[in-house]
Amino acid sequence: MRIYQSNVNFRPIRKLLAEGLPLGVNSISAHVPPPCGRKSLILSCLPGQTGSGSEAHAQRLHGEWGRFLRRREKTSVSQDSGSRHFALASSAPERGRRLPSPSHSLPPASRASRRNATLRIKMSLFGTTSGFGTGGTSMFGSTTTDNHNPMKDIEVTSSPDDSIGCLSFSPPTLPGNFLIAGSWANDVRCWEVQDSGQTIPKAQQMHTGPVLDVCWSDDGSKVFTASCDKTAKMWDLNSNQAIQIAQHDAPVKTIHWIKAPNYSCVMTGSWDKTLKFWDTRSSNPMMVLQLPERCYCADVIYPMAVVATAERGLIVYQLENQPSEFRRIESPLKHQHRCVAIFKDKQNKPTGFALGSIEGRVAIHYINPPNPAKDNFTFKCHRSNGTNTSAPQDIYAVNGIAFHPVHGTLATVGSDGRFSFWDKDARTKLKTSEQLDQPISACCFNHNGNIFAYASSYDWSKGHEFYNPQKKNYIFLRNAAEELKPRNKK
């Protein structure tokens, strides 16, 4: 399927279509595909009938249309195994026609061929096929050498069309590895990550605003999404249907699934200064807790939750029996909070958290340390090497923190376009990546720590004047299990 996308008028192609359908061409139809909202003409050739007559005519249509759009075209190629589709698309919306709902679920690949469905991204329904092995023997690597991927990591296929704000891997209860990403293109995408490192797009859902956070249910059957459209949704991956489960008065910044012995719920944090807890079967919240300011970031590992707000607010909640405030903490950081991640002790219980700020600094904070002055500390990261007035130091935001599920070491990603690995117990840096050509906006580990995923996209840290809409967004996968092993103590 070849798709030409442009803002130019759609009329010039009609003259070409007036010549009629050659032998072997099944149909020509006009519609507005829901994911992209572009008016399209679809020319579909049936299997076995893609000979010189039909295919040459289709290619001629492409040639004429392509020459017309050449200066501004963007081209992507895909092929359906059941039939061949040649799609000519214009981004000018069809006048006088109501666009379909943005909550669009992509059809299975098996149905796509039968229905001659042409979508901007070809995906099948979610399926639980064999996933990434537990031995860490995958063939990760890449031949790419340019500065968008200097670490030569595996590139995820069909990456989002706008900045990527959140990533999350499937829980260990689900066979295989599946990756979810939310973006400022209003969509949530799911990929299967195979043993070889190959990624297969599986499904997609839409919000009506940018997606700010995603998480999984403990059994891996559902994904929860938070959006700037002031709602949160539950995406059932078995049926590929999404329903709204939460409503706020402002954008929803964080979303987490809580699985307690006596209850299960979804926790949402919003810029409306509330923390809400939802039973997914009800449209009303189970509980509403007021926050001192807008929620900027949060994390949950039962029985603990941490919420960081504007004006450097920091609150710890206990989740046993029912959620309640446990302690308010004076922030160890002097600048705006950006990200937070809870870490566990050797008994696998949550014992503290790492907090990142826009000032290139991370704080390691224990909830009940034996020696607070000694155990709690901060460290600098994501800064340039300049140290004096003649070579000033550039300071970048810490966009994400993730703890390795096995080793307890951590990864940070920043606006400087680098990721770094750290051993908090040894207070040592383990590794820093080469610099990518744009910020790293999000990161996560899979359930056994074999795969480190990170997103390369603009994070708006330098304002709108540095935004380049032509710049592609990427998600990379790295086999980093060995690099995250803690430093041996002397």
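Residue numbers for the sequence shown follow full-length UniProt numbering, so the first one is 1 and each next one is one higher.
C-beta atoms are modelled at their ideal positions from N, C-alpha and C, and glycine is treated no differently.
Note that this is a predicted model, so its numbers are computed, not measured.
Endpoints, beta strand (DSSP E) assigned at residue 201: Element bounds for residue 201: 199–206.
Going by the beta-carbon positions, is the gap between residue 476 and residue 149 smaller than 8 angstroms? Judged by their CB atoms, residue 476 and residue 149 are nearer to each other than the 8 angstroms cut-off.
Which of the three DSSP states, helix, strand or coil, is assigned to residue 349? Note: residue 349 maps to coil in three-state DSSP.
By how many angstroms is the C-alpha of residue 338 removed from the C-alpha of residue 378? Taking the straight line from one Cα to the other gives about 15 angstroms.
Proximal residues to residue 163 (C-beta, below 7 angstroms), its chain only, five neighbours per side dropped: Cβ within range, chain order: 183, 184, 441, 457, 458, 459 and 473.
Would you kindly report the start and end of the unbroken beta strand (DSSP E) that includes residue 285? Note, residue 285: beta strand (DSSP E), 285–290.
Residues near residue 296 by beta carbon distance below 8 angstroms, same chain, minus five either side: Contacts found: 253, 308, 309, 310, 336, 337 and 338.
Would the beta-carbon of residue 482 fall within 8 angstroms of that of residue 421? Annotated as distal: residue 482 and residue 421, with beta-carbon spacing of 8 angstroms or more.
In angstroms, rounded to a whole number, what distance separates the CA positions of residue 231 and residue 385? Rounded to whole angstroms, residue 231 to residue 385 spans 42 angstroms at the Cα level.
So, does the segment 249–263 touch the segment 197–208, judging by three or more C-beta pairs under 8 angstroms? Inter-segment contact for the segment 249–263 and the segment 197–208 is absent: fewer than three beta-carbon pairs are separated by less than 8 angstroms.
Please confirm whether residue 381 and residue 414 have their CB atoms less than 8 angstroms apart. Residue 414 sits close to residue 381, with the two beta carbons spaced by under 8 angstroms.
With three or more beta-carbon pairs closer than 8 angstroms as the criterion, would you say the segment 300–307 touches the segment 349–368? Yes, the segment 300–307 is in contact with the segment 349–368.
Using a 10 Å radius around the Cβ and a threshold of 16 neighbouring Cβ atoms, would you call residue 192 buried or exposed? Buried is the label assigned to residue 192, since at least 16 other Cβ atoms lie within 10 Å of its Cβ.
Hey, how far is the Cα of residue 487 from the Cα of residue 430? For residue 487 and residue 430, the distance between alpha carbons rounds to 8 angstroms.
In the structure shown, what three-state DSSP assignment does residue 272 receive? Note: residue 272 maps to coil in three-state DSSP.
Between 262, 292, 247 and 189, which lies nearest to residue 157 when the distance is taken from Cα to Cα? With distances taken between Cα atoms, residue 157 lies closest to 189.
Which whole-angstrom value is the C-beta distance of residue 401 and residue 356, which I expect to be below 8 angstroms? Confirmed, Cβ separation roughly 5 angstroms.
Within a Cβ cutoff of 6 angstroms, which residues of the same chain sit near residue 329, ignoring the five residues on either side of it in sequence? Non-local beta-carbon contacts of residue 329 in its own chain, meaning distances under 6 angstroms to residues more than five positions away in sequence, involve 314 in chain order.
Just tell me which of 427, 396, 394 and 416 has its CA closest to the CA of residue 410. Residue 427 is the option with its Cα nearest to residue 410.
Closest to residue 219 by C-alpha separation, out of 226, 174 and 233, would be which residue? It is 174.
Residues sharing a beta bridge with residue 154, DSSP: DSSP, once it has assigned bridges, lists 477 as partnering residue 154.
Where residue 325 sits in the DSSP three-state scheme: Secondary structure at residue 325: strand, using DSSP grouped into helix, strand and coil.
By Cβ distance, which residues of its chain are closer than 8 angstroms to residue 418, with the 5 residues on each side in sequence left out? Short of 8 angstroms from the beta carbon of residue 418, and not among the five residues preceding or following it, lie these beta carbons of its own chain, in chain order: 382, 432, 433, 434, 435, 436 and 440.
Sequence-distant residues of the same chain with beta carbon closer than 8 angstroms to residue 327, five excluded per side: The answer, listed in chain order, is 315, 316 and 367.
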